[in-house]
Structures are given as structure tokens and as C-alpha cells.
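In what follows, a structure is listed as C-alpha cells, so that the remarks can point back to it.
In the numbering used here, the protein residues as written are 822 to 1212.
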């Protein structure tokens, strides 16, 4: 059994037993108090997040959980106390028995709410191994089908706990990957990739206290498109080709769609052209990227699905809707901004994220949306702000 499902089942059984013993009124009082505490936590977290984001991950987790448990716990205690006083006045007769019977139902409801809340927290990436189990949990998917994700809390926690710089592709649980599709032969993928390699440079960006690396696509002489999260908060950007590194300036920055356009004086690589229609399921080709800032890697790729996805911007602070391509391809940090190359040589998508549940699945932004976004920036020479740092 999935570990998250096992935990959820255990919580449910325990909650029903304890609910019968305590009665409904104390639990209802506790729920009301916990709800007030949760509202207080949601109100307080945004004020403390900016000051703790630079902390080490362990300290961030401890501080946030301390605030959550303190405010929700105090609220639950006060509410339950009031409920116990009211329950005691019912006595041991019919009303008391009815209160205890209803307590089992209320207990089950509490367990569902706890699993709902904790599931939202886990999917922010607080424990990567448990996050994968949460994404595939039958219990969480069942709850997610009925209840909305605990959005406001997840937004705040995601910003503080997940400092990977990768955008949240989905709001709530990740969509289950499509059925596998056939990948092209390695030789075909390599041939497709090698034809375009000169037009796919590595991107390096210095921002705050760290260096971000990614991949880019030459779309016009002197212009490269990449992901916004690669250059967010950057004070200097370089485009690295086979002949050396060139200074770049950011002339367009879209944290919602997650694209940025760079102007690179002296870049003489030829452009790649984005597909004028969306690739269909089963379309094959290759991806090119620079995993972890290393050398270029060409990977076989195939389109598994195409659909609109409700997710979050690169800062995890607002909802966005993107048209995405689900890929059967290995995507690693450093591949962001690289192309999905179709066999005809056109760009069928801009890689921007990896799956949190399946290492063989990645995500690309649909080509027509990307092309429409970068086209107005071609020809610009003035730099634009690149927002805040992500780490």
C-alpha cells in the first residue's frame, strides 16, 4: 500500500474511535478553533516568509511548522474546551449517546480535513520522497476530486519550502502522466539534435548569492529565448556557445508563462523556428539541454499529451494557465529553456519543468504560445527588470 494511503487509513480509524469516545461537540468546537487558527496562520505566514526565505531549508521548515502547529493547535484547544463543557451538560441519556454516535462521523470528517491539509503541505516538496507518494495517493486524489486544494496555504509554503526555482506546473496534485508512447531510436534523436545543436546555447545567470544555469534557443540573429526562472533576479547573464561566452541582456521577462528573451551582441548562430501547429500525441524528436550546467545532452523524446494546466507563476504567488506539452523525456535541472525538436527540425515546445512523480516525464510550453510571447521582443535593445531572486 502507498505509504500516504496507509497513513490516511490509520488516521481515519483512529479519528473514528476517538470521536466516539469524545463526542461531537468537543470536536466541532475544536474544528472551529482550528479553523480560526488556520486563518490566523495564513494571515501571518506572508509577513514572515520574506525574512526566512534565506534560511537553510531545515530552519525554514521548522519555523513554518512551528507557526502552523502553534496557531492551529491553540485554536483547536480552546474550541475543544468549550465543546467539552457543552457536551458535559448533555448527560448520559439519549442526547449524550447521540452526541457520541455523531462523534464518530465528525471524527472521520476531521481525519479527511487533516489528510487534505497535510497532503497540500507535502505536495509543496517539504519531503521529496513522500511528495512522490502523495502525488500518487488514492486517498489524496479522492479528496482532491471533492475538495479544492488548500491553495493559499500551499502558495505560501511552496514559496518558502521549495526553492528549486522550477515553476509549479499544476495547482494541487500533479496530473497522472499519459500512457507511455514510443520513443524514437537513439540514432534518429541524435541526428535531429545534432542538426540544431549550434543554435542551442547554455545560459548562465548570476543572481543574488547563486549561479543559475539553463538552456536557450536562438530565435533570431542575436536573440535567444529561455525560461524566466533561469534568469530571475539576475545581475549578469552569459550565453555560452561552442566558441565562448557572450554577455547577454534580458529584453523580455514573463514570470507567468515562464519565458525570457535575451539580446546577445555577437551571436552568429542561425535561428530555429517554432512549429506553427501544436504537436500531436506520438510525435517524436529530441530534447537538448545542459543538465546541471554541464555539457550538451541530446535525449530521445516523444509527445505524450497536450493540455491546458492551472499552475503557479515562477514565484509561486499567483495562479496561471499554460498550454503545456507532456513529454516522455528525461528532464533535469539545467535543461530548462531547451527545445523539444521535432523530426522536421522545428521546435515543438520549450522545456520548462520535470515531473515530480515520474522521472521519465517532463513538461514543455506549447510552441505557439511561446512564439507569440517572444515575437514582440525581437528587435528590442533595452534591458528589463528580471524580478526577485528565487533562492
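For each residue, glycine too, the CB sits at the ideal point set by N, CA and C.
For residue i, which of the options has the nearest alpha-carbon?
{"i": "residue 1101", "options": "1201, 1092, 1127, 1080", "result": "1127"}
{"i": "residue 1008", "options": "1115, 1196, 1164, 1139", "result": "1164"}
{"i": "residue 790", "options": "1154, 1026, 1095, 829", "result": "No information on residue 790 is available, as it lies outside the stretch 822 to 1212 that the chain covers here."}
{"i": "residue 1077", "options": "936, 1190, 1150, 997", "result": "1190"}
{"i": "residue 1065", "options": "926, 1151, 1088, 963", "result": "1088"}
{"i": "residue 1026", "options": "886, 880, 1158", "result": "1158"}
{"i": "residue 1172", "options": "1204, 886, 851, 1122", "result": "1122"}
{"i": "residue 921", "options": "848, 885, 1069", "result": "848"}
{"i": "residue 842", "options": "1040, 903, 1178, 924", "result": "924"}
{"i": "residue 1012", "options": "851, 1203, 1119", "result": "1119"}
{"i": "residue 1201", "options": "1037, 1070, 968, 833", "result": "1070"}
{"i": "residue 936", "options": "1142, 1095, 962", "result": "962"}
{"i": "residue 838", "options": "863, 1058, 932", "result": "932"}
{"i": "residue 902", "options": "1091, 934, 1090, 854", "result": "854"}
{"i": "residue 954", "options": "827, 834, 1038", "result": "827"}
{"i": "residue 1168", "options": "990, 1098, 898", "result": "1098"}
{"i": "residue 1086", "options": "1138, 823, 1039", "result": "1039"}
{"i": "residue 934", "options": "965, 996, 1002", "result": "965"}
{"i": "residue 1068", "options": "1103, 1022, 1031", "result": "1022"}
{"i": "residue 1031", "options": "1044, 1057, 1020, 1037", "result": "1057"}
{"i": "residue 1000", "options": "1161, 833, 1103", "result": "1103"}
Name, in chain order, the residues that DSSP records as bridge partners for residue i.
{"i": "residue 1028", "result": "1031, 1055"}
{"i": "residue 1184", "result": "1147, 1174"}
{"i": "residue 1162", "result": "1107, 1168"}
{"i": "residue 1119", "result": "1109"}
{"i": "residue 1124", "result": "1148"}
{"i": "residue 1153", "result": "Paired residues: none, contrary to the question."}
{"i": "residue 1047", "result": "1081"}
{"i": "residue 1142", "result": "1131"}
{"i": "residue 1036", "result": "1023"}
{"i": "residue 1061", "result": "1023, 1066"}
Skipping 5 residues on each side, what residues in its chain have a beta carbon closer than 7 Å to that of residue i?
{"i": "residue 1140", "result": "992, 1131, 1133"}
{"i": "residue 895", "result": "858"}
{"i": "residue 1194", "result": "1075, 1078, 1080"}
{"i": "residue 998", "result": "1125, 1147, 1176, 1179, 1182"}
{"i": "residue 836", "result": "928, 929, 931, 932"}
{"i": "residue 968", "result": "937"}
{"i": "residue 1204", "result": "1070, 1071, 1072"}
{"i": "residue 862", "result": "888, 889, 892, 893"}
{"i": "residue 1210", "result": "1028, 1029, 1053, 1054"}
{"i": "residue 1208", "result": "1053, 1054, 1074, 1076"}
So, at 6 Å on beta carbons, what are the nonlocal neighbours of residue i in its own chain, with the 5 sequence-adjacent residues on each side left out?
{"i": "residue 1005", "result": "1105, 1121"}
{"i": "residue 972", "result": "A caution first: residue 972 carries a pLDDT of 49, below 50, which makes its placement in the model too unreliable to give a value."}
{"i": "residue 1144", "result": "1129, 1187, 1190"}
{"i": "residue 1114", "result": "1034, 1155"}
{"i": "residue 1150", "result": "1108, 1120, 1122, 1183"}
{"i": "residue 1041", "result": "1092, 1199"}
{"i": "residue 1192", "result": "1095"}
{"i": "residue 869", "result": "none"}
{"i": "residue 1220", "result": "Absent from the structure is residue 1220, since the part of the chain shown begins at 822 and ends at 1212."}
In chain order, what residues of the same chain have a beta carbon less than 8 Å from the beta carbon of residue i, not counting five sequence neighbours either side?
{"i": "residue 927", "result": "840, 845, 848, 849, 852"}
{"i": "residue 1153", "result": "1110, 1112, 1113, 1175"}
{"i": "residue 1197", "result": "1073"}
{"i": "residue 865", "result": "888, 892"}
{"i": "residue 1020", "result": "1038, 1039, 1090, 1091, 1092, 1093"}
{"i": "residue 1083", "result": "1024, 1037, 1044, 1045, 1046, 1047, 1052, 1058, 1060, 1069, 1070, 1071, 1072"}
{"i": "residue 788", "result": "Outside the shown range of the chain (822 to 1212) lies residue 788, about which nothing can therefore be said."}
Q: Determine contact between the segment 1010-1018 and the segment 1123-1138, defined as no fewer than three beta-carbon pairs at a distance below 8 Å.
A: The segment 1010-1018 makes no contact with the segment 1123-1138, as fewer than three CB pairs between them are under 8 Å.
Q. Which ranges would you report for the beta strand (DSSP E) in the segment 1063-1105 if only whole runs of at least 3 residues count?
A. 1065-1075, 1080-1084
Q: State whether the segment 909-919 contacts the segment 884-895, with contact taken as three or more CB pairs (one from each stretch) at a distance under 8 Å.
A: No contact exists between the segment 909-919 and the segment 884-895.
Q: Evaluate the contact criterion for the segment 1049-1062 versus the segment 1179-1193: three or more CB pairs, one atom per stretch, below 8 Å.
A: no
(Q) When you compare the segment 1097-1115 with the segment 1040-1055, are there three or more beta-carbon pairs, one atom per stretch, that lie closer than 8 Å? (A) No: the two stretches stay apart, fewer than three of their Cβ pairs being nearer than 8 Å.
Q: Write down every uninterrupted run of the beta strand (DSSP E) in the segment 877-934 whose length is 3 residues or greater and which is fully enclosed by it, in chain order.
A: none
Q) Enumerated in chain order, which unbroken segments of the beta strand (DSSP E) with a length of 3 residues or greater are wholly contained in the segment 994-1029? A) 1023-1028
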